[in-house]
Amino acid sequence: MLQALVDQLREGVVVVREGHIALMNPAAAKLLNLDISPAGIASITGMAFEAAIPYESLYPLVANHTAGERDDVGGAAVTKTRFEVETPKGPRHLLAQVSDLRVSSGEAGGTASVGRVLVLTDITELQRTIQMRADFVANASHELRTPLSTIRAATETLLGMDLTTEAQSARRFLEAIDRNGERLERLVADLLDLSRLETSKARFEPEPVDIRNVFDELTARWADAARGKGVAWKAQVLLNGDATVEVNPHLLRLVLDNLVENAIKFTDGGGAVSVKANADDATATFEVSDTGCGIPREEQQRVFERFYQVRQDRAGVERGTGLGLSIVRHAVGTMSGKLRLESEVGVGTRVTVEIPQKR
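Position in the sequence shown counted from 1, then plus 136, gives you our numbering.
Here you go:
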């Protein structure tokens, strides 16, 4: 009966008596990368804990409640520690908590310890969230500090100049202040967009949108920037007749603007940026492609992380906020869409967005 109940738990449970495993549920075997089959667990049961479990950080914890943080929960001592288990998908972070297994001693209200209970909890996602928050604070601080330092230095220099005789030099410092002020403004705008998408406090309902109008506006915003770099611009709606789709216009604009900005930024003169749209009854598809520098394969999964920027050795590429593609990922997810990136270094990049239609 006890084994059947323990087997249903999501947490891993191991009962140790006299240094040997008396009980282990499948969840514990899975978390510890052991054989989770009934035969596998049966073969471990009865073995010495240190012979069966290859994680030395647990040995003193189970043996005598040491080498961990100690708490009192309901009058019972609980010792806990965190450790990692290597898996093919990367490290699995586990929280181990050990308490005495106690039974009645026969005396009035008395109990005696007859073993230990080890409870294992997978905290991988929690650790990842904590690390992401720490990285976010560190990166945001850096991104804010850099333009602020430039603005302050330029201002201090201006205050010490004779503006009547050094007007040309003063103008360069004013341009630096303006440029970095714009960078700060963009960073704050991106942070606000990302916050709204991540917290889901705002509602982004789909509505009928004419793709041709969207592409006309997109061309008005970006074609000159592309041509100013010597980059060919092409926007195509691959539909005959009605080009109305059901999307949230604000989110679609965020997605396309960020993808197009990146495409233009990383495409040199003589290259091309292309935006295409198509739709059927099930899906609206948008594709942004370029003939730019491309993204190394090992970095393609990371480019949608907040503040992550592909390592670039190219001169003249202005550093962005590092939030654009993260905004794209969250915006597409908010619309229940799919996002696909294909890229080859020296050839270019294509990003495809598919948004489901309810017709």
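Ideal Cβ placement from N, Cα and C applies to all residues, glycine included. The model shown is predicted, which means the values in this text are computed figures rather than measured ones.
Exposed is the label assigned to aspartate 378, since fewer than 16 other Cβ atoms lie within 10 Å of its Cβ. Short of 7 Å from the beta carbon of serine 462, and not among the five residues preceding or following it, lie these beta carbons of its own chain, in chain order: Leu330, Phe440, Glu441 and Arg442. Assignment of arginine 332 by DSSP, reduced to helix, strand and coil, places it in the helix class. Listed in chain order, the alpha helix (DSSP H) elements of length 4 or more contained wholly in the region 234–320 are 260–295. In this chain, serine 173 is not harboured by any alpha helix (DSSP H), its DSSP state being neither H nor E. For a cut-off of 8 Å, the C-beta gap from alanine 408 to valine 424 is around 12 Å, too long to register as a contact.
Within the DSSP secondary-structure output, arginine 228 pairs in a beta bridge with Val221. Secondary structure note for leucine 390: its alpha helix (DSSP H) is the uninterrupted segment 385–401.
Approximately 6 Å separates the beta-carbon atoms of valine 489 and leucine 475; this is inside 8 Å, confirming the contact. Between valine 221 and valine 149, the gap from beta carbon to beta carbon reaches 9 Å or more. Here the region 340–354 lies against the region 381–388, with 3 or more beta-carbon pairs under 8 Å apart. Valine 142 is not a Cβ neighbour of asparagine 169, given a cutoff of 9 Å. If you draw a straight line from the Cα of lysine 365 to the Cα of glutamate 279, it comes to about 26 Å. Contact between the region 462–472 and the region 421–437 is absent, with fewer than three C-beta pairs closer than 8 Å.
Secondary structure at threonine 421: strand, using DSSP grouped into helix, strand and coil.
Around the CB of aspartate 360, fewer than 16 other CB atoms lie within 10 Å, so the residue is classed as exposed. Within its own chain, the residues whose Cβ lies closer than 7 Å to the Cβ of valine 373, once the five positions on either side in sequence are excluded, are Ile347, Arg348, Phe351, Ala379 and Ala413, listed in chain order. For alanine 184, the three-state secondary structure derived from DSSP is strand. Boundaries of the alpha helix (DSSP H) around serine 462: 460–470. Per the coordinates, the alpha-carbon of glutamate 186 lies some 21 Å from the alpha-carbon of aspartate 258. Annotation for isoleucine 491: no alpha helix (DSSP H) segment contains it, though the beta strand (DSSP E) segment containing it runs 484–492. Residue pairing of isoleucine 157 in beta bridges, as defined by DSSP: Val152. Annotated three-state conformation of asparagine 376 is coil, per DSSP. Secondary structure note for leucine 197: its alpha helix (DSSP H) is the uninterrupted segment 195–200.
A distance below 8 Å between beta-carbons, with the five flanking residues on each side excluded, links glycine 473 to the following residues of its chain, in chain order: Val489, Glu490, Ile491 and Pro492. The three-state secondary structure of aspartate 360, taken from DSSP, is helix. Per DSSP, the unbroken beta strand (DSSP E) holding aspartate 346 starts and ends at 343–346. When Arg357, Ala362 and Asn376 are compared, the shortest CA-CA separation from leucine 390 is found for Arg357. Counting only the Cα atoms, threonine 485 lies some 10 Å from glutamine 436.
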